[in-house]
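Asks: In the working numbering, the protein residues as written are -17 to 263.
#1: Would the beta-carbon of residue 8 fall within 9 Å of that of residue 87?
#2: For residue 147, tell me which candidate among 252, 15, -5 has the shortest Cα-Cα distance.
#3: Which runs of the alpha helix (DSSP H), 4 residues or longer, sit entirely within the stretch 58 to 126?
#4: Is it a yes or a no for the stretch -15 to 0 touching the stretch 148 to 155, going by three-plus beta-carbon pairs under 8 Å?
#5: Near residue -10, what residues of its chain come up, given a Cβ to Cβ distance below 8 Å and the 5 sequence neighbours on each side ignored?
#6: One question on the structure: do residue 232 and residue 198 come within less than 9 Å of each other, judged by their Cβ atoms?
#7: Can you have a look at residue 170 and say buried or exposed, based on whether 16 or more other CB atoms are within 10 angstroms of its CB?
#8: If you draw a straight line from the alpha carbon of residue 236 to that of residue 90, how long is it in whole angstroms?
#9: Taking all protein chains shown into account, do 16 or more other C-beta atoms lie within 10 angstroms of the C-beta of residue 204, making it buried, or fewer, making it exposed?
#10: Taking the C-alpha atoms as reference points, what is the distance between residue 55 and residue 188?
#11: From 1, 20, 108, pick the residue whose C-alpha is nearest to that of residue 30; which is it?
#12: From what residue to what residue does the alpha helix (DSSP H) around residue 22 run?
#13: CA-CA distance, residue 224 and residue 0?
#14: Let me confirm a value: residue -8 is counted as buried when at least 16 other C-beta atoms fall within 10 Å, else exposed. Which label applies?
#15: Do residue 126 and residue 60 count as a contact pair if the criterion is CB distance below 9 Å?
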């Protein structure tokens, strides 16, 4: 779980830094007095962080106010919501990553040319609030999926993710030959799909425990001899990939259905991109 928190904070922070970096760099490149628009830009960043903070507080308050049984239902729902949002983000980035800079700079140019400083504020607010809110929901889902050893461990994981994000962003902006934006998005896309699978399987287990879904069978096999999901290493792999050492039939069907759906969606998106490229060519 510690590594999952580090990864989510790292990945979402890099994406937020990318968006804000694009907007700020565009303002600096205009060779005009940028003090006012940059003040609104960074005001939007702060407001976006505040929105994410309010969402985090709201989720925690709702969880604390529920009964023990209702908390289990709530946490299971949040795990599945987190998995769904991760998948939505992966496919959204696949469709928008190429034009992200152009779209952001176009929106900024429109706002600045009209001296619509609140438009600049809104661009930053929406970008940071979106990334921050996604991070909050992802982390809540991860925490609902298992027990963190302590609050301080969770905080340290978050800080480690932020530090890694700052270093990664610096390397990416420096044009490092080792790290490029395409490599970053490709690797993190795979890791996000694995993490979403892990959360999805945790949600399926929760629905089975609640009696919403049947087990359909006892354990189909036992691979504890190879890798036990009760150990620290096995538990980490299970949380990140959905691995189960003794899966029942429902878990096996859910795991298989998840990856069939992912492969089908990826294949469809590639065909669509190929058709669009062919029509333009």
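Even glycine gets a Cβ: it sits at the ideal position worked out from N, Cα and C.
Values in this document were obtained by computation on a predicted structure and should not be read as measured data.
Replies: If we stick to the structure as given:
#1: Translated into positions along the chain shown, residue 8 becomes position 26. Translated into positions along the chain shown, residue 87 becomes position 105. Yes, Cβ-Cβ distance for residue 8 and residue 87 is below 9 Å.
#2: On the chain shown, residue 147 is found 165 positions in, with the first residue counted as 1. It is -5.
#3: 82 to 95
#4: yes
#5: Sequence index remark: in the chain shown, residue -10 carries index 8 (1-based). Cβ within range, chain order: 117, 120, 121, 124, 143, 177.
#6: The residue you call residue 232 lines up with position 250 of the chain shown. The residue you call residue 198 lines up with position 216 of the chain shown. Taking 9 Å as the Cβ cut-off, residue 232 and residue 198 qualify as a contacting pair.
#7: As a first step, residue 170 must be located in the chain shown, where it is residue number 188. Buried, because 16 or more other Cβ atoms sit within 10 Å of the Cβ of residue 170.
#8: Here residue 236 corresponds to residue number 254 of the chain shown, with the count starting at 1. Here residue 90 corresponds to residue number 108 of the chain shown, with the count starting at 1. Approximately 44 Å between the Cα atoms of the pair.
#9: Start at 1 with the first residue of the chain shown, and residue 204 comes out as number 222. Looking at its Cβ environment, which holds fewer than 16 other Cβ atoms inside 10 Å, residue 204 is exposed.
#10: Residue mapping note: residue 55 aligns to position 73 of the chain shown, counting from 1. Residue mapping note: residue 188 aligns to position 206 of the chain shown, counting from 1. If you take the alpha carbons of residue 55 and residue 188, they lie about 8 Å apart.
#11: Mapped onto the chain shown, residue 30 falls at position 48. Nearest of 1, 20, 108 to residue 30, Cα basis: 108.
#12: Here residue 22 refers to the residue found at position 40 when the chain shown is read from its first residue. Looking at the DSSP string, the run of the alpha helix (DSSP H) that includes residue 22 is 17 to 47.
#13: Within the chain shown, residue 224 is the residue found at index 242, counting from 1. Within the chain shown, residue 0 is the residue found at index 18, counting from 1. The straight-line gap from Cα to Cα measures roughly 30 Å.
#14: Numbered from its first residue, the chain shown carries residue -8 at position 10. Buried: at least 16 other Cβ atoms inside 10 Å.
#15: As a position in the chain shown, residue 60 is number 78, starting the count at 1. As a position in the chain shown, residue 126 is number 144, starting the count at 1. Their beta carbons are under 9 Å apart, which means residue 60 touches residue 126 by this criterion.
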